[in-house]
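Asks: Read in order, the letters of the sequence shown correspond to residues 27 to 357 in my numbering. Think of the CB as a built atom: it goes at the ideal place given N, C-alpha and C, for glycine as much as any other residue. Source: prediction; values computed, not measured. Sharing a structure with you now.
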Amino acid sequence: MTEDAPKRGTENPSVDLARPFDGQAALLECLYAQSRAGRWSVPRERFAAALERSAKKALEPGAVSPQRLQDYLGGLHLEDLALATACAEGLEAAWEHFFTAYRAYLRAAAAAILRCKAGSAEACDLADSLFSELYGLAGGKGAERSLFRYFHGRSSLKTWLRAVLAQRHIDSIRAGRRFEELGEDETGDGRPRTLLGPQLQPGDPHRERYAASFTRALQAALERLEPQEKERLRLYYAEEKTLAEIGRLLGEHESSVSRHLDRVRRDLRQAVEDILRQGIGSANGSAFQPGLSDAEIVLCFEYSAGDTPIDLEKLLPRPKSPGPPAGKRTP
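Structure below.
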């Protein structure tokens with residue numbers, strides 16, 4: 027939240043997520059202004075409903091303080107959420123902006139998922155087929171039909187769209203496999219059964235598996251890091267220390283800490299992708315996990331970032347041996 031965001035007192039121990047803005051009109055007004063929803067003519071009550079859905083999805087009922095609600099909502103991608111809400115409502119200006127700003131991105135993302143050239147017919151078909159469902163044309167125009175209602179603002183709109191494309195691609199592959207496995211004897215009439223085109227299911231039944239795969243891959247990647255690299259990550263993410271505090275503890279300059287963290291994050295992401303692509307061996311009672319496709323890897327990252335909390339204190343435990351002596355600086 028910005029510094030001029032409304033301050034909430036502690037007179038109410040918890041917030042009713044069914045009516046999160048009761049008595050908090052100033053908070054809603056602040057969020058509405060930050061989202062710039064007014065440029066799409068989104069009514070406040072519709073934007074408030076989108077915020078309410080997001081809070082209900084992520085927060086535990088009965089245990090949300092006014093400050094916790096404010097922190098959560100303030101951390102959302104508010105402008106993206108406003109645009110998605112406007113598009114779900116079928117507001118023409120918002121839809122035209124989305125089409126202009128995101129069509130090229132969707133085609134590029136589709137090309138990356140399909141591993142084909144940008145602008146190819148396959149990439150264009152995958153990307154463009156998504157527009158009707160986003161607009162709500164799959165079952166009638168309107169917010170109740172649009173896939174945008176499943177966007178909650180926790181990730182950027184681009185990240186969410188890429189995950190939707192990846193899920194559509196995987197659903198299409200699964201539907202094709204079911205068709206191929208369906209023999210004449212199973213139809214009962216000697217003719218192949220006609221399957222409807224793949225439909226995006228908002229609730230992916232494989233979601234938990236993908237999230238668990240990400241955690242296993244992340245753990246394996248972390249085990250490959252040097253002790254000092256893991257210590258930097260532990261101090262920054264698990265203990266939430268500042269760069270300056272980490273520098274003092276490790277005897278490094280603040281700029282060196284930042285540079286090393288950036289490098290480790292890049293290397294770690296690449297390592298996780300490689301592990302997921304190659305497959306994860308059995309360990310501690312866990313079965314061998316075969317390698318995943320690029321589209322499935324996209325879902326692993328998206329699902330883990332969205333709903334699945336990662337226990338960083340468990341993945342990055344305190345080292346048994348003391349760290350490097352203070353005063354020894356890393357170039």
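#1: What three-state label does DSSP hand Gln-93 in the structure shown?
#2: Could you check which residue in Tyr-98, Leu-341, Glu-278, Asp-106 has the C-alpha nearest to that of Ala-21?
#3: Would you call Glu-322 buried or exposed, if buried means 16 or more other Cβ atoms sit within 10 Å of its Cβ?
#4: Whole alpha helix (DSSP H) runs in the region 122-162 with 4 or more residues, listed along the chain?
#5: With DSSP run on the structure shown, which of helix, strand or coil describes Gln-50?
#6: To the nearest angstrom, report how far apart Ala-53 and Gln-304 are at their CA atoms.
#7: Excluding the 5 residues flanking Leu-244 on each side, which residues of the same chain have their C-beta closer than 6 Å to its C-beta?
#8: Can you tell me the Cα-Cα spacing of Tyr-236 and Leu-325, whole angstroms?
#9: What separation, rounded to the nearest whole angstrom, lies between the Cα atoms of Asp-300 and Ala-75?
#10: Is the beta carbon of Leu-275 closer than 8 Å to that of Leu-261?
#11: Given Glu-78, which residues of its chain have a CB within under 6 Å of its CB, disregarding the five upstream and five downstream residues?
#12: Tell me which same chain residues have a C-beta within less than 6 Å of the C-beta of Lys-82, skipping the five on either side of it?
Replies: Checking against the coordinates, here is how it stands:
#1: helix
#2: Absent from the structure is residue 21, since the part of the chain shown begins at 27 and ends at 357.
#3: buried
#4: With a minimum length of 4 residues, the continuous alpha helix (DSSP H) runs that stay inside the region 122-162 are 147-161.
#5: Coil at Gln-50, not helix or strand.
#6: Per the sequence shown, residue 53 should be read as Leu rather than Ala. Roughly 47 Å between the two C-alpha positions.
#7: Val-298
#8: Whole-angstrom Cα-Cα distance: 7 Å.
#9: Taken atom to atom, the span from the alpha-carbon of Asp-300 to that of Ala-75 is near 40 Å.
#10: yes
#11: If the five residues before and after Glu-78 are omitted, its C-beta is found closer than 6 Å to the C-beta atoms of Pro-46, all from its own chain and listed in chain order.
#12: Leu-43
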